[in-house]
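Below is one structure, written out as structure tokens; comments come after it.
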Amino acid sequence: MNPAVMTAPNETLVYARPQSLADCYTHYCPGCTHGTAHRLVAEVLDELGLRERTILVASVGCSVFAYNYFNVDACEAPHGRAPAMATGIKRVNPNNIVFTYQGDGDLASIGMGEVIHAAARGENITIIFLNNATYGMTGGQMAPTTLPGQKTSSSPQGRDVAMTGYPLHMAELLGSLPGTAYSVRRSLHDARHVIQAKKAIRTAFEVQMANKGFSVVELLSSCPTNWGMTPEQSLTWIKEQMVPVYPLGDFKV
Amino acid sequence: MSKKLMKGNVAIAEASVRAGCEAYFGYPITPQTELLEYMSERMPELGRVFLQAESEVAAINMVYGAAATGVRVMTSSSSPGISLMQEGFSYIAGSDVPAVIVDVMRGGPGLGNIQPSQGDYNQITKTAGHGDFHPIVLAPASVQEAIDLTVLAFDLAEKYRTLVFVVVDGAIGQMMEPAELPPMRELPSGRPDWALTGAKGREKNVISSLFLGTTELELMNKELQAKLAYIQANNEIRYEEYMTNDADLLLVAFGTAARVAQTAVQHLRQEGLKVGLFRPITLWPFPSRRLTQLTYLADTFLVVEMNAGQMVHDVRAAVHERVPVHFYGRMGGVIPMPEEVEQKVRELMRVVPTEDDVQTHQFPVKPQAAHEFLRM
């Protein structure tokens, strides 16, 4: 155990690092909610006793190094292909718990084909989908989830829907497919919503454990660096700007 | 076991099953579809995995995923589908996992046609994806050899943790020949140490082709190149020679083109022309050294391919301009006839005048050979 978190003789440690979460420095920007999402997934894996039979498929984007943060077997898929890779893993190893961790550029743009078909087949995998309305890793370009009017480095005047279309609602879209067993949207902008997000992540893994089919949790997330905001402002922006466009809710349970 | 009449695609499929293939992921494309169809019935029958993917892109990534867990896994496709899979090939090569790919080549470029071709030679041996790597490439010339090399492909993939291609043209995929299948192998009970199985009682395993530091990535590349050099040096170069002992002219061809060339050799030998055939079986690693040796024997090389001339560049590189290397090829899915190859050989051996000879009023330069030819 890290000496920094060792307890004194008369103290009880009530908030420890989950076993599924590696003890290392983070590469995520200050205020980014990836860290929150990682911790929630790790807590759930611990609580359900899944760490030793879980395989993570990381994707391309800011979370490309997800495999550094989770103490589970892991691989790193080509951009957008994580659901296909997860399919290959799960089909051969039905007793393993297989999940992908993908951002909105990866899942909703280049990986749209792979995720829709994995859901349509009812693949018994779990997808943790972080939607921060931008391509974070490449420096904040317009994503398929970028809000109308939102300024990004590739829509400097704000997203013009007449030219570039409308945001994609992945939780609703995936929830409409018969192969999907569980599809919900949650947010990470405050403590109450974080707790709700964790419950949803837990349910998603329980769905997979019960072999019920495809499960996905969309998490509205912040990107202070590319949004040009402070961490605090970015959480407010999720609440005030993103939630109205991406309503929180259960689209398939 | 006795020989059975089998279609190439089906023979490759059953050979894969017997070699211990535990999962097949693929997408329909002519002229390889029988392979996928056969697997769709055969694999579930044995409790193994068959899945028809939504695209070749998805298929190769399913292969990548399954391969990362240490099982024998394959896909099959044809030229345009192979192009779509290149991203996946590169990731597989970059993360050292074993996989077997079957390419039943068709005519290109573009949608091309569905006739037999060897137009993927460069695509597979040279440019199978971004970055520096070569897959091992096996090129059978008969249904029996397709079976044998498919089994070998799985063994080599596992041995070197690398991509192995079995490359046939549509003719070998579609034709029926009598052939014998190997016995069914038992599936291994465990998985390799490096495989993703869940980090139970051990440190986690990570399979990734991402090495962000330049030093780190250069080191990874050096290791990959060292592995490829080891494969080249480790008796994995395969070829076959036919009547090369006293050959003045050496035909070089693989796959179906080699069958045509072999028939041509038989006919030309009856005419008294000393012609032999060199058939590369591994297209990578390429049998360059043996070809260099053969330049001390034959004074003219003729490469025959079903493309615009792709392997010919490897042959030219191998012979270091010691002898002239000529080319005869047909494209668009046309299989050359032996007569076409024979005519080309006669022209090269100057026993008949070439068009140039006629235009420049030159007589064949080897009168002795011409005399023998005319006497026959």
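Heads up: the protein sequence lines correspond to chains A and B, in order. Position in the first sequence counted from 1, then plus 66, gives you the numbering used here. Position in the second sequence counted from 1, then plus 1432, gives you the numbering used here. Every residue, glycine too, gets a C-beta built ideally from N, C-alpha and C.
> Which chain A residues are close to E1772 of chain B, counting only those with a beta carbon under 9 Å from its beta carbon?
Replying inline: Listed by position along chain A, the residues whose Cβ is nearer than 9 Å to that of E1772 of chain B form an empty set, because the closest Cβ is around 43 Å away.
> Where does the unbroken beta strand (DSSP E) through F165 of chain A begin, and where does it stop?
Replying inline: Annotation: the continuous beta strand (DSSP E) that includes F165 of chain A extends over 163-169.
>> Between the alpha carbons of Q1657 of chain B and M1781 of chain B, how many angstroms are there, rounded?
In response: CA-CA distance, Q1657 of chain B to M1781 of chain B, rounds to 41 Å.
>> With a threshold of 7 Å between beta-carbons, can P144 of chain A be considered close to chain B, or not?
In response: Judged by the 7 Å Cβ criterion, P144 of chain A is in contact with chain B.
> Under the rule that 16 or more other beta-carbon atoms within 10 Å means buried, what is A1451 of chain B, buried or exposed?
Replying inline: Looking at its Cβ environment, which holds 16 or more other Cβ atoms inside 10 Å, A1451 of chain B is buried.
> So is G1561 of chain B in contact with chain A if we call contact Cβ pairs under 7 Å?
Replying inline: Contacts with chain A at 7 Å (Cβ-Cβ) do not include G1561 of chain B.
>> From the DSSP secondary-structure annotation, give me the bridge partner or partners of E1774 of chain B.
In response: Answer by DSSP bridge pairing: none, since E1774 of chain B is not bridged.
> What are the partner residues of M1537 of chain B, as DSSP defines its beta bridges?
Replying inline: BP columns for M1537 of chain B point to B:D1601.
>> Going residue by residue through the region 248-313 of chain A, where are the continuous alpha helix (DSSP H) segments of at least 4 residues, counting only ones entirely within it?
In response: The region 248-313 of chain A contains these whole alpha helix (DSSP H) runs: 257-275, 290-293, 297-303.
>> Would L1682 of chain B and G1708 of chain B qualify as a contact pair, given that the criterion is a beta-carbon distance under 7 Å?
In response: It is a contact, given that the beta carbons lie within the stated cut-off.
> For G224 of chain A, which residues from the same chain have a beta carbon less than 7 Å from its beta carbon, with the 5 sequence-adjacent residues on both sides left out?
Replying inline: The beta carbon of G224 of chain A lies closer than 7 Å to those of G215, Q216, K217 in the same chain, with the five residues before and after it left out.
> Would you call the CB atoms of L196 of chain A and R251 of chain A closer than 7 Å?
Replying inline: With respect to R251 of chain A, L196 of chain A sits apart: the two C-beta atoms are not nearer than 7 Å.
> Is the CB-CB distance between Q1550 of chain B and N1677 of chain B below 7 Å?
Replying inline: At the C-beta level, Q1550 of chain B and N1677 of chain B stay beyond 7 Å of one another.
> Name the DSSP beta bridge partners of L196 of chain A, please?
Replying inline: Answer by DSSP bridge pairing, in chain order: A:G169, A:L285.
> Can you round the beta-carbon distance between P1463 of chain B and S1510 of chain B to whole angstroms, since I take them to be within the 8 Å contact cut?
Replying inline: In this structure P1463 of chain B is in contact with S1510 of chain B, their Cβ atoms being roughly 6 Å apart against a cut-off of 8 Å.
> Roughly how many angstroms separate the alpha carbons of L87 of chain A and E118 of chain A, rounded to a whole number?
Replying inline: Taking the straight line joining both Cα atoms gives about 12 Å.
> Could you check where the alpha helix (DSSP H) with Y135 of chain A kicks off and where it finishes?
Replying inline: From DSSP, the alpha helix (DSSP H) with Y135 of chain A extends over 132-135.
>> Looking at chain A, is there any beta carbon in it that lies within less than 7 Å of the beta carbon of G1640 of chain B?
In response: This sequence places Ser at residue 1640 of chain B; Gly is not what is there. Yes, contact with chain A.
> Can you tell which of B:M1517, B:I1604, B:A1447 has its C-alpha closest to the C-alpha of R1691 of chain B?
Replying inline: Nearest of B:M1517, B:I1604, B:A1447 to R1691 of chain B, Cα basis: B:I1604.
> With 16 as the cutoff for other CB atoms within 10 Å, does N1667 of chain B come out buried or exposed?
Replying inline: The residue in question, N1667 of chain B, is exposed, as its Cβ has fewer than 16 Cβ neighbours within 10 Å.
> Considering F1521 of chain B, what are the terminal residues of the beta strand (DSSP E) in which it resides?
Replying inline: Going by DSSP, F1521 of chain B is part of no beta strand (DSSP E) but of the alpha helix (DSSP H) stretching over 1518-1526.
>> Please state the DSSP three-state secondary structure of C95 of chain A.
In response: Residue state, collapsed to three classes: coil.
> Does the beta-carbon of S287 of chain A have 16 or more other beta-carbons within 10 angstroms, so that it is buried, or is it exposed?
Replying inline: It counts as buried.
> Shortest alpha-carbon distance to V1407 of chain B belongs to which of B:D1746, B:W1716, B:A1685, B:A1500?
Replying inline: A query on residue 1407 of chain B cannot be resolved here, the shown segment of chain B reaching from 1433 to 1808 and no further.
> Thinking C-alpha only, which one of A:A186, A:C141, A:L243, A:Q307 is nearest G1630 of chain B?
Replying inline: Minimum Cα distance to G1630 of chain B is reached at A:C141.
> Helix, strand or coil: how does DSSP classify G1761 of chain B here?
Replying inline: DSSP places G1761 of chain B in the strand class (E or B) of the three-state scheme.
>> Contact between the region 1539-1546 of chain B and the region 1587-1594 of chain B is defined here as three or more beta-carbon pairs at a separation below 8 Å; is this criterion met?
In response: With the cut-off at 8 Å, the region 1539-1546 of chain B and the region 1587-1594 of chain B do not touch.
> Are the beta-carbon atoms of T1724 of chain B and R1670 of chain B separated by less than 7 Å?
Replying inline: Taking 7 Å as the Cβ cut-off, T1724 of chain B and R1670 of chain B do not qualify as a contacting pair.
> Hey, would you say R147 of chain A sits closer than 7 Å to E189 of chain A, going by beta carbons?
Replying inline: One thing to note: R147 of chain A has its Cβ no nearer than 7 Å to the Cβ of E189 of chain A.
> Can you find a heavy atom of the ligand MG that lies under 6 Å from the Cβ of R1634 of chain B?
Replying inline: Ligands in the displayed structure: none, and consequently the ligand MG is not present.
> Within this structure, are the beta carbons of V1534 of chain B and S1508 of chain B separated by less than 7 Å?
Replying inline: For the pair V1534 of chain B and S1508 of chain B, the CB atoms are nearer than the 7 Å cut-off.
> In chain order, what residues of the region 1447-1466 of chain B put their CB closer than 9 Å to some CB of chain A?
Replying inline: For chain A, the residues of the region 1447-1466 of chain B that bring a beta carbon within less than 9 Å of one of its beta carbons are E1454, A1455, F1457, in chain order.
> If you pair each beta-carbon of the region 284-301 of chain A with each one of the region 97-108 of chain A, do three or more pairs fall below 8 Å?
Replying inline: In short, these stretches touch, since the Cβ pair count reaches three.
> According to DSSP, is I1713 of chain B helix, strand or coil?
Replying inline: The answer is coil: DSSP assigns I1713 of chain B none of H, G, I, E or B.
>> So, does the region 1634-1645 of chain B touch the region 128-138 of chain A, judging by three or more C-beta pairs under 8 Å?
In response: Result yes; three or more Cβ-Cβ pairs closer than 8 Å.
> So which residues of chain B does V138 of chain A contact, with C-beta pairs closer than 7 Å?
Replying inline: Neighbours of V138 of chain A in chain B, taken as residues whose beta carbon is under 7 Å from its own, are A1631, K1636 in chain order.
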